[in-house]
Amino acid sequence: MRLENRIALITGAGRGIGRAIAEAYGREGAKVAVADLTLEAAQDTVAAIEQAGGTAMALAMDVTDEKAVDEGVAAIVDKWGGLDIALANAGIQHIDAIHKLSFADWSKVMSVHLDGAFLVTRAALNQMYASGGGTMLYMGSVHSLEASPLKAPYVAAKHGMLGLCRAVAKEGAEYGVRSNIICPGFVRTPLVDKQIPEQAKELGISEDEVISKVMLKNTVDGEFTTLEDVAELAVHLAAFPSAALTGQSIVVSHGWHMQ
Ligand code: NAD
Numbered sequence: 075m076r077l078e079n080r081i082a083l084i085t086g087a088g089r090g091i092g093r094a095i096a097e098a099y100g101r102e103g104a105k106v107a108v109a110d111l112t113l114e115a116a117q118d119t120v121a122a123i124e125q126a127g128g129t130a131m132a133l134a135m136d137v138t139d140e141k142a143v144d145e146g147v148a149a150i151v152d153k154w155g156g157l158d159i160a161l162a163n164a165g166i167q168h169i170d171a172i173h174k175l176s177f178a179d180w181s182k183v184m185s186v187h188l189d190g191a192f193l194v195t196r197a198a199l200n201q202m203y204a205s206g207g208g209t210m211l212y213m214g215s216v217h218s219l220e221a222s223p224l225k226a227p228y229v230a231a232k233h234g235m236l237g238l239c240r241a242v243a244k245e246g247a248e249y250g251v252r253s254n255i256i257c258p259g260f261v262r263t264p265l266v267d268k269q270i271p272e273q274a275k276e277l278g279i280s281e282d283e284v285i286s287k288v289m290l291k292n293t294v295d296g297e298f299t300t301l302e303d304v305a306e307l308a309v310h311l312a313a314f315p316s317a318a319l320t321g322q323s324i325v326v327s328h329g330w331h332m333q
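In this note's numbering, the protein residues as written are 75 to 333.
If you want it as C-alpha cells, here you go:
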C-alpha cells in the first residue's frame, strides 16, 4: 500500500473526481477525511471506502466558509492526530461569454476555487508546519495552463490555483511541505455532463460536436481522461518520496496541452 496510515483531506469528495481519489487513497491505506457541502454526500463516499476495508470520516465543509474549513481540519487532527495530505479539489463550472457574465457568477466561481484553495491551504499548512511536513495538492485543469471560450472565471481561477501551488512550494519547502497541481483534461463527471448541453446552446452546435470538436479536439486520440487516470496520478503525487517533485503542474489529458 502506497499511503499506509497517511492522513488525508479531500474537499468536494462526495462525488466525481474527488470521490474517485478518496476511494483510491482508502485502498492505498490512507485515513481519508471526505469533505463536501453536505454531510450526506460525504457520508456516501465514506461508506464506499469503509465497505472496501478502508478508514474514513465525513465532514460537512463549504470551502468558502472560513470557520467550516478551520473546524473541519481541527476535527481531523482531533480524531487522527495530524494531517499529512490535503487536496483542494472542490470546484464548480459556469458557462457564459465574458460580456454577458454577471459579477455574482464570476465571484462564485472564483470563490469556490481560489478562496476555497486558500482556506484549505492555510488550515492544512498550520498543521503540517507544526508536525514536520506534508503534501499539498490542488485540482487544477488544463485550464490552469490555457484558455477556452465561455469559461473565463474558471480559466482565471484555475490559473490562480497554479500560482498558489507554486507559492506554497516556495514557502513550504523549509517546513517539509511539497505542493503540486493536477491538471486533467475532460473527465465525464456531473460537472462536465452539465456543460455539454450548455455549450451546445451557446455555440449553436450539437452535443456530439461539443464532445468531438470542443472537448476532445486537441487530444491525441479523441479519448476522455478517466476518474481512474486522475486518481492514479493523485496517489502517485501523494506517495512521491522526496521534495524533488514540488511546484509542478502535471497534465493528465490524453495529450491535450503538452508542456
Ligand atoms: P463534480 O461536480 O462531479 O464534483 C464537485 C464536487 O465539489 C461536488 O461533490 C460538489 O458538491 C463539491 N463542491 C462544490 N462546491 C463546493 C464548496 N463550496 N465546498 C465544498 N464542496 C463543494 O465535479 P468534478 O468534475 O469531480 O470536479 C472536481 C474538480 O476537478 C474541480 O475542481 C474541477 O474543476 C476539476 N476538474 C474537472 C475536470 C472534468 O473534466 N470533470 C477537468 C479538470 C479539472
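Ideal placement from N, C-alpha and C gives every residue a C-beta, glycine not left out. Predicted model, so just to flag it, every value in this text is computed and none were measured.
- Task: Going by CA-CA distance only, name the one from A221, A226, E245, W180 that's closest to N200.
- Result: By 1-based counting over the sequence shown, the position of residue 200 is 126. If we check each option's Cα against that of N200, E245 comes out closest.
- Neighbourhood of G103 by C-beta, 7 Å cutoff - its chain only, sequence neighbours within 5 removed: Here the question's residue 103 lines up with position 29 in the sequence shown. Here the set comprises M75, L77, E78, N79.
- For I270, does the three-state DSSP call read helix, strand or coil? Residue mapping note: residue 270 aligns to position 196 of the sequence shown, counting from 1. In this structure, I270 counts as helix in the three-state DSSP scheme.
- Euclidean distance between Cα positions of V120 and A87: Taking the sequence shown and counting its residues from 1, the one referred to as residue 120 is at position 46. Taking the sequence shown and counting its residues from 1, the one referred to as residue 87 is at position 13. Near 9 Å, if we compare the C-alpha coordinates of A87 and V120.
- Task: Round the Cβ separation of E297 and H328 to the nearest angstrom and send it over; I've been treating them as touching at under 8 Å.
- Result: The count along the sequence shown starts at 1 and reaches residue 297 at position 223. The count along the sequence shown starts at 1 and reaches residue 328 at position 254. That pair is a contact at about 5 Å.
- Message: So, with DSSP's three-state summary, where would you put M131?
- Response: Here the question's residue 131 lines up with position 57 in the sequence shown. Strand.
- Message: By DSSP's criteria, R252 is part of a beta bridge. Which residues make up the other side?
- Response: As a position in the sequence shown, residue 252 is number 178, starting the count at 1. Looking at the DSSP assignment, R252 forms a beta bridge with T209.
- Query: Taking Cβ positions, are L161 and A231 nearer each other than 9 Å?
  - Reply: Along the sequence shown, one-based indexing puts residue 161 at 87. Along the sequence shown, one-based indexing puts residue 231 at 157. Not a contact, by the Cβ cut-off of 9 Å.
- Could you say if the segment 245-264 and the segment 298-309 meet the contact criterion of at least three C-beta pairs nearer than 8 Å? yes
- Label H173 either buried or exposed according to how many other C-beta atoms from any shown protein chain fall within 10 Å of its C-beta, with 16 as the threshold for buried. What you label residue 173 is simply residue 99 of the sequence shown in a count that begins at 1. Exposed, since its Cβ has fewer than 16 Cβ neighbours within 10 Å.
- Item | Cβ-Cβ separation, V137 to A164 (assumed contact under 8 Å), whole Å | Walking along the sequence shown from the start, residue 164 turns up at place 90. Walking along the sequence shown from the start, residue 137 turns up at place 63. With a Cβ gap of about 5 Å, A164 and V137 count as contacting.
- Segment limits, beta strand (DSSP E) that includes T119: On the sequence shown, residue 119 is found 45 positions in, with the first residue counted as 1. Element bounds for T119: not the beta strand (DSSP E) but the alpha helix (DSSP H), 113-125.
- Query: If you draw a straight line from the C-alpha of D303 to the C-alpha of V326, how long is it?
  - Reply: Locating residue 303 in the sequence shown gives position 229, where the first residue counts as 1. Locating residue 326 in the sequence shown gives position 252, where the first residue counts as 1. Rounded to whole angstroms, D303 to V326 spans 7 Å at the Cα level.
- Task: Measure the alpha-carbon distance for F192 versus G234 and round it to whole angstroms.
- Result: Locating residue 192 in the sequence shown gives position 118, where the first residue counts as 1. Locating residue 234 in the sequence shown gives position 160, where the first residue counts as 1. Approximately 10 Å between the Cα atoms of the pair.
- Message: Applying the 10 Å Cβ sphere with the 16-neighbour rule, what's the burial state of S181?
- Response: Stepping through the sequence shown from its first residue, residue 181 is reached at position 107. Looking at its Cβ environment, which holds fewer than 16 other Cβ atoms inside 10 Å, S181 is exposed.
- List the endpoints of the continuous alpha helix (DSSP H) containing K182. Taking the sequence shown and counting its residues from 1, one reaches residue 182 at position 108. Residues 177-184.
- Item | Limits of the unbroken alpha helix (DSSP H) element including I324 | The sequence position of residue 324 within the sequence shown is 250, counting from 1. Unbroken run through I324 is the beta strand (DSSP E), 322-326; no alpha helix (DSSP H).
- Query: Are the segment 90-106 and the segment 116-135 in contact at 8 Å, needing three or more beta carbon pairs?
  - Reply: yes
- Beta-ladder partner(s) of C257, from DSSP: As a first step, residue 257 must be located in the sequence shown, where it is residue number 183. In DSSP, C257 forms a bridge with V325.
- Message: Please classify K225 as buried or exposed, where buried requires at least 16 neighbouring CB atoms within 10 angstroms.
- Response: For the purposes of this step, residue 225 is identified with residue 151 of the sequence shown, where counting begins at 1. Per the 10 Å Cβ criterion, buried.
- Query: What are the uninterrupted segments assigned as beta strand (DSSP E) that are 3 or more residues long and contained completely in the segment 279-330, given in chain order?
  - Reply: 322-326
- Query: Anyone know if the C-beta pair for Q117 and A96 falls short of 9 Å?
  - Reply: Along the sequence shown, one-based indexing puts residue 117 at 43. Along the sequence shown, one-based indexing puts residue 96 at 22. No, the pair does not count as a contact, with Cβ atoms beyond the cut-off.
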